[in-house]
Structures are given as structure tokens and as C-alpha cells.
Amino acid sequence: MFRTVLLLLTLSASELLVLANADFYNSNDVQLYATPDDCRSNEYYDLFAFKCSLCDDGLHLISAKDKLSCTCNEQAVAIRDHDSVLQRPVCQNVSDFFAQFPAGERFDTVNFCKTIQVGIVNTTKSTRSVYQRRRTFPPGNERSVCECDLKANVLYVERDGWPGDPRGAHNFCIPLSLLRDVQHFPAFSLNRFLHQNRQNVNVYKNVKYLVVFCHVMRSVRHCQQLANLCVLSFFSLERHSPCAIFYTYQTYDLAALGATGAGGAGSVPSVVSASQSYLAGDGTVGAGGTLPKLGPDVVRPGLFYRRGKYVAELLEKYLDFSYNSDATNQINNTLNFTLVSYDLQGHLRQFREMRFADLNLCERYDVSQEQRIRFGQNYQRKCGLNVNRLVEDFGEVEFLSLYVNYYEQRVRLMRSVPVLIGNAFSQNTDTEPDRWQLVKRFMLVDTVSGLNELHKPKLYGEIDVKNQFFFLRYVKKIELEFKLHPDHGKHPNRISIPLVRMEYALLNMSSSAHLSQSTSTIDFEFSVSFTKTYSYSSLLEILLPIFILLAFSMSVFQSYCYKLRQNKMYYDMEVFWNFVIYLGSYLGTAFLIVLAIIVLHAFFTYKTQSTVHLLLPLEVQNVVEVFIYVGFSLKLLKLMRVFFYMANVDIFFIDWERPKIFDISTMGQRLHQLDTPSIASSTNTKPTSSHDSVSAWRNYFIANEWQELATKRKISMFAHIISLALAFVILGFENWASNAFHLHLHRNDELLGKSDKMLLIAVGILIYTTVYVAQRLYNFLIHDRFIENAIQQFIDVASIANISVFILSMESYGYYIHGRSPHGFSDTDMCSMIMQFKREEDNLCGNRGLLPGSEQQTYSILVPKNLRLFYDKLITPLRNSSSLGPHQHLNQPQLIGSAKMSTSEVFTSPGGGRLEYNFERTILTYYNVNRFFAAFVDHALKDLDYIIQERSILENILNCEFQSYITENKGVFYIDNGHSFDQILFNGNESIFFQVELLLFCCVVLLTENYLLAIVVIGIVYKCFEMHSKMSSQIASVHTPSVALSKYRDQHFKGSRHEQEKLLRLSCTLYVGNLSFYTTEEQIHELFSRCGDVRRIIMGLDKFKKTPCGFCFVEYYSRLDAESAMRYINGTRLDDRIVRVDWDAGFIEGRQYGRGKTGGQVRDEYRQDHDLGRGGYGKMVQMGQLGAPSMRE
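Residue numbers for the sequence shown, in mature numbering (1 follows the signal peptide of the UniProt record, and there is no 0): -22 to -1, 1 to 1171.
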């Protein structure tokens, strides 16, 4: 009993559900899937209901040959060919048909009139029916029976008959009572969107008759023909257009119109109201009485969808079928559509599955591998269509309707696909679907409306498009839109009702002169897009606040550390601006991390999903683009701050060797003073040999090694760029950014549209980061361990050169590299150096570290406050000196301690003599600074000292000093195992460079969608960074001299300027100037032979005394050796003088003598300063012709 009640309740609920959904199914055109070919032999296919209906054999009916209607069988005669109420013919048995005639009027054969008589018959007491029939007549009485009475009827001749109809009837005799409302209809003319073009007006001349045949007589073919004319008129809604009645009955609230009566149906066309009233039994024909039983099935076929909220509800309906995103599963991966096409006269042409090329006209003429609509896969293609071929293919206009096929509970259904024609209705351009007017039928090419009927086409020649048509209307863009159900958990891989978007264009033949050519084309675009609502807002709401809070906290902490290291008592504007830069940099990093998380999550989700979770493009794409541009701007600002920071660093090279200077207390004697073994001491001893000079090569070498190290990165940028180009272009990783669900490295012919920007950025970040990390791992595991560690190599070179590096990067913070040689000296020959290395290997000497028994050579330092004050006082002469000095501070970073000078540091006196700058004061200042720092490192200063300690773990992690032991006279050396001095080099700022380059890479990819171009831009920008850094850090005192020719030319050269230039470029001879009068040929040979084999040396002599006068010529065997001497010796100290080396055209006998009037060099005649190395005052001063400078001068 209980089961029975439950079953009844279940059945009742099911019936209620069916009833509740009945209106839904009717209004949305959902039918069981059936085609005319599926109908059995005793069934016909109802084109309005899209189902097979029975041709009742008891009514003498059989299916017609086209299976679209019923017809009388061979044993019956058609009494009525069509009945508007019964929607079928009325048949009578042949024997009964003949039996109704009197015996005298019987005849053996049935003859039918060619004219179809339209009549009205009472079906019930209150309704009438319109019928069509062919009268029969006895032989010989055809005229009297078949002739149409034109007094009460109208003869309508239909030129286009019914193909295949053996009776071939073309004439209709229609009663005037059915035509009263349409008799005076004006001729409809298509005038919208045609720009006053001429048109084929004959197409619409029979509209008024078709209105009656369709809406009154209920003729299926005529309704289809009228619907096609509506589409052909571009859905014109003028009062007398073919669309007026369709639009009124299919879009208005018909129930409301029926309830309000005639007053509420003011916009309903009168022909329908009058005819329906007449047929309902109301004698007031044409008076427009009340509408009976108005509903959506009154006017068919369906052309329009209702408007308003119904459209949004329609597009939000989802098909109850789960597709498969796997492209190999073609059954469940393919979206199937049914295409129904009609010709202009309303005859059904095709009822079949839609092929891809039916809508994608590009595929008709240029077939690709894509021949189906794949679930979830976007598609896009643009092409040019040949106009002549298009006219040939669409010479007969086809009117199409689409239906999507799917399964619901194992039942195959079909649903009409709404079409949105953008330029058919003005409201269709609105973004709100409630305002759209959707239609159900469309065409691709209109070759009828603009046809020139006066033009006689060639029988066999090519189509003359320009003369045959006034205009041609065609679809220029088709887009199929699908939405996926947002809940992929409960409703996986389900799509909504598809939407077809269309745009038409008009080709005006009168203004298209180029159409005379057979190669003229028009543009066409076809696309398929799938969308799915997927939001990253919750992820952003979690990640952004966390990273922004971290960025703010780290910025506050970094500003605090900056204040401590700058030795500031208060927070001032400098600290504030650094806080802003820190905050911007950390925010840029936060944006980079967040966007990387989002795009990589989207990439891996999209490429690996079997159940579709997301589709592209995503709403968060705009946010990602903003993150990229803003992040790049902020990180670029940070990088500029790093460059500024690197360019404002004081670097001093502490030379632990024992340098020598002139003893100016003795004039005319070549005496020297050497410092004690401890350079911090002040005790002096005298040399034992004239060859105890200290070479300046070590300082120069270390300074240039530092310059080369400044722009070295932890990766090879060249290898990085080559690897990226190889990965993206050669290996094909750029194809990962395609819109395909699967990953592939080969370029295929799938036309999936432009790669989505999210995928482009994701693949770019993934490959760029992978290549970068791989190179970092290689450098860390292999290159730095077994091949070359540039940082450690520089430290080792400093130890070999016996030079320490003291770096002040901030007011009270810097770095120290202890390069003091454990052997006490390094300015020696190669054999002695090898012996020193052997002693180190055998542990026969001390360690290189600052602490006894330690190998620790690098430290980060907090210097005493007074040290900075003393240092600034000591280098004041350098900062205030002329730019001609060898230690100028005009360029940064300030590399102090090199005694290198370029050939450009020469000037000409007003008297025309060639003079050299006096460096004695600058050299002494350098020695003072050198002694000061050396004494500080050796704990030899009474008032300045330091302690050495290790940082805590937290201080190492955060790179900040919490426990400050710094006082005015006491500093701290923190043991630095990580070589943190590289923070003033490219090497230590690798993370900044990586982030800036990665964000720049993403920016270029976003703008150009080209990986290769982005790689090239990265290479160019990095090269600019490198060149800028080298230019900003390059100083005249340390830069490598050029081997190019100088501007100086010997005015006594006997020959042309061209010959002189040629000899200079090929010469192996060098001119050496600014020598001391006491420098011997042996000293010169020892110095210059280090660059190569010296052929000969010609000493410059006083013309009268035959004594050295301060210059010489050095001739090499090869040009390369001479270039090495130019590069490495020019500007070097020899006998504590900066020697100048320049190219010479070649020595000629006689040039070894001075050219001055007194026998020496011209410069020594007019010199007014006292130069001990060049004979004291100048000759003119000594002879009294020039006054000596006063003590004040």
C-alpha cells in the first residue's frame, strides 16, 4: 500500500514537473532529435514541430515523396489539397468519389483543373476553414468549371511552382474576402543599410499574397518563403514588411494582448486580426475584432526570440550533457549541430549535421586540419574570400537555421541556436542581453537583393560581378560563443545554449572599381570561443595583504638599518626617500610573486585539466598586466638606486709594499728614501741599490681587476640569452603558449586564435626562470668550484699583489678585503713568486687572514665615527685638485690608490711649451692615506681601533647589525663568509637584475607577443646597463690607456701628413717623455722589456752637453709588444715620475738631441717651477731671463 501511494506521488510530481517545464520547452524550441530520414514509410516530417507525424491510412493518406507532407494514396481522390485547420489534405475513396455523381454524369477518368481554387468552409458552428483544391471536370467542360471568377476572386499567378509536383499548378484563385486587408498594401522596398543603392524590387512584390497564404491559409511552404523574405529584408520591422507579423506574435506578450482586446493590440497587423476574426465566425470582416487563442504557435516558423529578461535566462540555460576535453575522444569532444537550409521559395534543401565549412567560409576554399568544433577549444581564423567564387557558390541564396544536438538522460535532443546579428537591430550593440533581439534564421551571402535583372549573364564566360549586381551583402564575421557551467564539481563540462554572433557588410559595386579583377577579395573572420567564470579574487585577497604587509615591514627594517649605517641620529628626508624606494622595491617583488603564482596556476590548470575548471581569457588578466607594468617601474627605480649606490662608493687600495719618494732635501743628488718594513711606522732607512723601485703595476692591475669584476654577474648573460632563444625558438617551448589544452613543442596548423596573454606570460616566466635557475645551479655546483670563482679569484689576486681593499659604501659602513701577503712582499720576479706559492702550499709561512692563523680575508665593517672624519680630511687635496691629477674624484666610484695616468692628462702652457702636471703633492697625499688605513688595520693608531667578531644568525639572515659596538673611536669588523662586499657589484645585486629583466621580458611579451623580440630587448638593455656602469665607474686614474694614435704630431716630420699617419699606424717605436735626468738606460730597458723584446733604446741627450735631458725612444721588434707598452706602461711611475708614452713615426739620426735653444727640451727652458728630477728651475730662470716664482707662489 505504501509503495503504491509513493509511486502515485512520484508520478504526480513528475507530471507537475513536465507541466511546469512545458512552457520552457515550447518557448526554447527543444525537441527530440529527429530528421526527415528517420521517419517511417507511413510518416511525414513536420518542419514546424521537428518531429515525425503519422499519415493516417484510415484517412487514405500516405507520405509524400519528400516526406514533408501527406498526400492521398492511389485509391483516393483529393477533395481538398490543403485544409488550414486540419493541416492536411482531405481524401475520399475513388469508388465513393464516383458514386456521388448521378448515373448520367458518371465518367471514367478524373481531370483536375490547373488553377487551385481557394475556398472557405464552415468547420464548426463558430469557425471556418480555408482550403485549397483542384476542381475536377468532365472532359470538355474544363473552361466552365476551372475558370476563376474575377468578380469575386483574384487570380494569383505563382511563377515558381513546386518542384517535382506532376500537376505543376501555378495559379491560385483567391476570394476577395481573404484579401480585403492586404489588397491595398504598398509594395515593400528594402531601404535599410543599403545607402540608397539600387535593388531588386521584384523579390518582395508578392509579399501581400504570401502573408495570406502563410498566416491565414497556414501553408507551410509559403510560411517558409515569407520567413526567408524576412531574413532577406534584414529583419525589417516596417509595417508592411515580411517580418511584421512574425515579430509581433513571436516577441510580444501575447497573453496580455489577448486579454486587453483590440485596444491592447494596436500594433498587431490588421490583416491577421481581420482574417482571424472572419475565420472565427465574426461577420465584421476587416473590423479588427478580438484575437482568439493568441499564442506562440499561431505564427510559424519561429524567427524571433522574445526580448527582455527571457534572453538572459535563455543564455544561462545549460545543456544536461558532459563533454570531454580530450581531443582524441572525438565522440564526446565534438560539439554537434544540425543545419536546416531552405531556398528562397521555402523548399527544404538540406537537413543534416553541420559541417565545419558550412559556417567557416575559410575552410571552404583553404582546408586546414580543423574540421570540427572541439569542446573547450577556442578557434579563430581570418582570411580573404574571392568575390567571384563566393557569388558562384551562393548563386542561389540559402537560409539557414542551426540546432545544437546533445543527450539528456540518454535521450537525444535538439535545441535551436539563437543568432545575434550586430547590425540588424540598433539595440544589439548594447552590452545588456535584455535589450538584444535574437533571431533563429540567417543567410551567409545575399545575391538576390542587389541583383541587376537587366543584366544578361554570359552563358559560358566568367561572372561579371560588377555589372551583374548593384551591391552584395555578405557576412563578414561569425563567432560561436559557449559558456561553461561555473560549478565544475556538480556539473562538469556542461555548456550553455550556444550564441552565434554575426556581422554583415555591404559591398557596393558602383564604388568598387577593383572588382573587375578576378582576384578581388573580401575579408572574413570566423571564431569559436568558450568562456567560464573563474575568479582569482579570493586568492588575491589572501596573497596581496600578506605580501604588502611583509613589504612594508621589510622597508621599515631596511630604513632603520640604513639610518644606523649612515650614522644618523634622527630620521630625516634622506632616510624617508630610501624608505620609499625600499617599499617600492619590495612591492614590485610582491607583485611579481603574486602574478607568477596566478599565471602559473592558470597555465598548469588549463593545460592539465580533464574537467574544465577555467577557460581563457580570465578576468584577472587586466590585474596581471597592471602588476607587470607597475612592478617593472618599481624595480627599475630600485635598480637606478643601486647604480647610484654603486657609483658613490669610496674604494681605497692599501699597498703593503714599501714605496719610495724623492728626498727633496738634497738637490742634484740621486738619493732615495724607503719606508720601513712596517708601513705604519715613520722610521726611514736608505736604499742599498739603485734598482729598489716599487712597481705601480700591482695597483693598476688590482684596480682594473676590480673594474672587470664590477660588471660580472653570477650568470653568463650571453649564455642566458642563447639558452632562451634555443628554448623558445629552436626547441619550440613557445608553442606551450598556444590555446590548446595539451602541451606540444611543435608548431601545428591549429587555428586557435592568438595566444592568450596569460599563457604567454606563464610560459615566459616558467622558461625564463628555469633557464636562469639552471645556470645558477651550474655556476654554484660546477663553475665556481672547478672552473672559476671570480670573487674568490679577486681576493687571491689581491693577496698575491700585497694589496688590501678598503671600501666605504656608507658614512659608517663598508667592507674590507685583507690582501696583505703572508710573505711580506710581492713586487718580485716570477721565480720568487713560485717559491712563495710553494711555501704557502707547504704551510711554511703565515696565513692570509687578518687574524693570526686565520684564512678569513673578507669583512663587513662599521668604522669609528672619527675615522670617517680623518679620512675626509686626508683626501681633501684629491677632491679639490685639478682634473689633471691622477687621483681625481670627478668620477665615481672613487678608486683611490692607483697611480695610473692617461695621455689625455697633458696640457699646453700659454707660452706654447708642452708641460706635464706635477704629481708630487698628490702622491704624498696618497701615501698619507695609505699609511693611515694601514696603521688602522694594524691597530697602530692610538685613538682609532676596532674589534673583530661574528654576526648573530639573525643579523646574517636580515643583513643588519642590531648590537652596535661602534663609538667615535672604535669600530667593528664582522667576519663575512659570504663575501658581502659584492653588494656594490653586479654580482651581489643579482636578484634585482633578475627581477627587472624578468619583468621587462614580460612587458615586451605583453606588448609584442613575441618571445624572440623580448630576448633581444633583454640583451640590449643589459648591455646598456653594463656600459653605463663601466662608464660611470671608469676613472682616468685607472682606465686602460688607449693604443690609438694621440692628437700630437711631430711638426718637424719631413713628409706629408698622410705619410706620417701611415708610419704611426705601422710603427714599432715609442716616444717616452717626462723622464728624470737621472734615469738610466738600464732602468728603462728593465721596465719596457716586461712588455716584449726591446730592439734598442735611444736616450735623449742635451745637444751641447751630451747628457740625458728627460726623454728617449724605445723600439720593439713587433707592433703587438709596442701596443702592450702603450697600454700598460703609459702613465706608470719610473723613478717616482709619471712617464708618458706615445707613438713615434720612427727614429732618424739627429732626433736624439733636444730642440731647445740651450740644448735641452723646450719645456725645460720656460719652466718656472722647481723640478729636482729635471735640473731644478728652467734654463731661462737659471740664466735670469725669467724670474723665479716667489715663496707665496
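Glycine included, each C-beta is placed from N, C-alpha and C at the ideal position. No experiment lies behind these values; they were computed from the predicted model shown.
Flag this pair as yes or no: are the beta carbons of residue i and residue j separated by less than 8 angstroms?
i, j, result
"residue 66", "residue 48", "yes"
"residue 89", "residue 38", "no"
"residue 800", "residue 818", "yes"
"residue 1055", "residue 1033", "no"
"residue 570", "residue 737", "no"
"residue 962", "residue 782", "no"
"residue 319", "residue 368", "no"
"residue 1172", "residue 499", "Any property of residue 1172 remains undetermined from this structure, which presents the chain solely from -22 to 1171."
"residue 393", "residue 424", "no"
"residue 418", "residue 324", "no"
"residue 810", "residue 797", "no"
"residue 422", "residue 372", "yes"
Measuring straight from C-alpha to C-alpha, what distance separates residue i and residue j?
i, j, result
"residue 398", "residue 131", "42 angstroms"
"residue 1146", "residue 761", "59 angstroms"
"residue 946", "residue 791", "13 angstroms"
"residue 545", "residue 840", "10 angstroms"
"residue 1045", "residue 1104", "12 angstroms"
"residue 563", "residue 996", "20 angstroms"
"residue 948", "residue 842", "5 angstroms"
"residue 209", "residue 192", "16 angstroms"
"residue 375", "residue 437", "20 angstroms"
"residue 503", "residue 486", "20 angstroms"
"residue 971", "residue 561", "17 angstroms"
"residue 755", "residue 844", "44 angstroms"
According to DSSP, what are the bridge partners of residue i?
i, result
"residue 510", "462"
"residue 149", "93 and 135"
"residue 180", "For residue 180, which the question treats as bridged, DSSP gives no partner whatsoever."
"residue 949", "924"
"residue 9", "392"
"residue 1142", "None, per the DSSP bridge assignment."
"residue 1112", "1115"
"residue 1121", "1048"
"residue 504", "359 and 456"
"residue 1173", "The shown model of the chain, from -22 to 1171, leaves out residue 1173, and the question about it has no answer."
"residue 1154", "1149"
"residue 54", "71"
Starting from residue i and walking both ways along the beta strand (DSSP E), at which residues does that stretch end?
i, result
"residue 43", "Per DSSP, residue 43 belongs to no beta strand (DSSP E) and is neither H nor E."
"residue 360", "357 to 364"
"residue 484", "477 to 486"
"residue 1076", "1072 to 1079"
"residue 110", "106 to 115"
"residue 765", "Counting along the chain, residue 765 falls outside any beta strand (DSSP E), and DSSP gives it neither H nor E."
Please classify residue i as buried or exposed, where buried requires at least 16 neighbouring CB atoms within 10 angstroms.
i, result
"residue 127", "exposed"
"residue 316", "buried"
"residue 137", "exposed"
"residue 41", "buried"
"residue 1157", "buried"
"residue 1230", "Nothing about residue 1230 can be read from this structure; the chain reaches only from -22 to 1171."
"residue 813", "exposed"
"residue 566", "buried"
If you follow the alpha helix (DSSP H) that residue i is in, where does it begin and where does it stop?
i, result
"residue 130", "Per DSSP, residue 130 belongs to no alpha helix (DSSP H) and is neither H nor E."
"residue 619", "599 to 625"
"residue 791", "Unbroken run through residue 791 is the beta strand (DSSP E), 791 to 795; no alpha helix (DSSP H)."
"residue 1104", "1097 to 1106"
"residue 523", "515 to 543"
"residue 222", "222 to 229"
Cβ of residue i versus every heavy atom of the ligand SAM: is any distance shorter than 7 angstroms?
i, result
"residue 798", "The ligand SAM is not part of this structure, which contains no ligands at all."
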